[in-house]
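Single-structure report; data block below.
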Amino acid sequence: MAYLLEFQPSKLPEDILAPPYVMFGIQGVRVAEMLPPRIPLNAVLHFIPTLARFVLPAPENLPPKIAQGALRVPRVGLDIRLNIGVASLQRIILKVLQSASRTVSMRAFRCPPSTITSLSIRKTWLLFGLPRAGLDGLYIHMQMHLMAGPPVCFEQMEALWDAFPPESDILRAMFVNFIQSHLVYHYSRVEFPAIQKWYLSDEKRRALFKSIEAKFPAFSKL
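The opening position of the sequence shown corresponds to residue 0 in numbering that gives the first Met the number 0, with each subsequent residue numbered one higher.
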């Protein structure tokens, strides 16, 4: 999965893997248990400097036992006050660790992201202020998934349209997927008319669909 994302090349600081380690939260909800252990703050801020504004101040007046533990394994809280999903954060943090030369279990990369998860990763990446060019691998994955993967559903089509411009190759692959899926009678009598009404109700969607439909004459005969 990490190969789908790319940070800009940079010289790594010598202490990039040194503590303190980050305890992540998203809008006040702790998500540390869903992320790899011991994520160095230095690595996070090196690759995603915009997250510095979410670092929490160190707590004061800790009980002695907790304070001693904090000295052994220094940790810092980082509560991301953005509308992001934990699955997308997980994948970006895995890329941070890999790029910082930290060994990452290959189990983390066994399952490629679905279309909806890929869109969530894209959203989080851009909210973090990271370069759009770093998403090129993810876009290729999304396009290939649409070309060779399962039939696209209405929810995915709406989300893809909201994310990409009409001239995008991803949207063309989406409509090809839809047409080919309909030719093998994938969609129900409820879902197909809903999708059809959706793409015909917008001038840009209709124009893009018609340009692709022309290559599949059997579609209009069903």
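Ideal Cβ positions, reconstructed from N, Cα and C, are used throughout, including at glycine.
By the neighbour-count criterion, in which 16 or more other beta carbons inside 10 Å mark a residue as buried, ASN176 falls on the buried side. With a cutoff of 7 angstroms on beta-carbon distance, PRO19 and VAL75 are scored as near each other.
TYR184 sits exposed, since fewer than 16 C-beta atoms from the chains shown fall within 10 Å of its C-beta.
Rounded to whole angstroms, the Cβ separation of GLN26 and ARG80 is 6 angstroms, and the two are in contact under 8 angstroms. MET143 counts as exposed, since fewer than 16 other C-beta atoms from the protein chains shown sit within 10 angstroms of its C-beta. Contact annotation, PRO112 with ARG90: C-beta distance approximately 7 angstroms; criterion of less than 8 angstroms satisfied. Selection ILE15, TRP160 and ARG188 evaluated against ARG205 yields TRP160 as nearest (Cα-Cα). Residues VAL43, LEU44, LEU77, ILE79 and PHE127 of the same chain have their beta carbon placed closer than 8 angstroms to that of LEU50, with the five preceding and five following residues left out of the count. For LEU40, the three-state secondary structure derived from DSSP is helix. Contact annotation: PHE174 and PHE215 have beta-carbon atoms that are not nearer than 7 angstroms.
A residue is called buried when at least 16 other Cβ atoms come within 10 angstroms of its Cβ; VAL95 meets this threshold and is buried. Counting only the Cα atoms, ASP168 lies some 21 angstroms from PHE218. Of the candidates GLU32, LYS122, HIS181 and PHE6, PHE6 places its Cα closest to the Cα of ALA99. Counting every other CB atom within 10 Å of its CB across the protein chains shown gives ARG121 a total of 16 or more, marking it as buried. ILE25 is bridged by DSSP to VAL28 and ILE79. For GLU212, the enclosing alpha helix (DSSP H) begins and ends at 202-212. Residue pairing by DSSP places VAL54 opposite LEU77 in a beta bridge. Per DSSP, the unbroken alpha helix (DSSP H) holding ILE194 starts and ends at 190-199. The alpha helix (DSSP H) runs lying completely inside the region 139-192 and spanning 4 residues or more are 153-162 and 168-182, given in chain order. Nearest C-alpha to LEU129 among PRO48, LEU182 and VAL21: PRO48. Distances from the alpha-carbon of ILE38 to those of MET22, VAL28 and ALA213 put MET22 closest.
Secondary structure note for ARG121: its alpha helix (DSSP H) is the uninterrupted segment 114-126.
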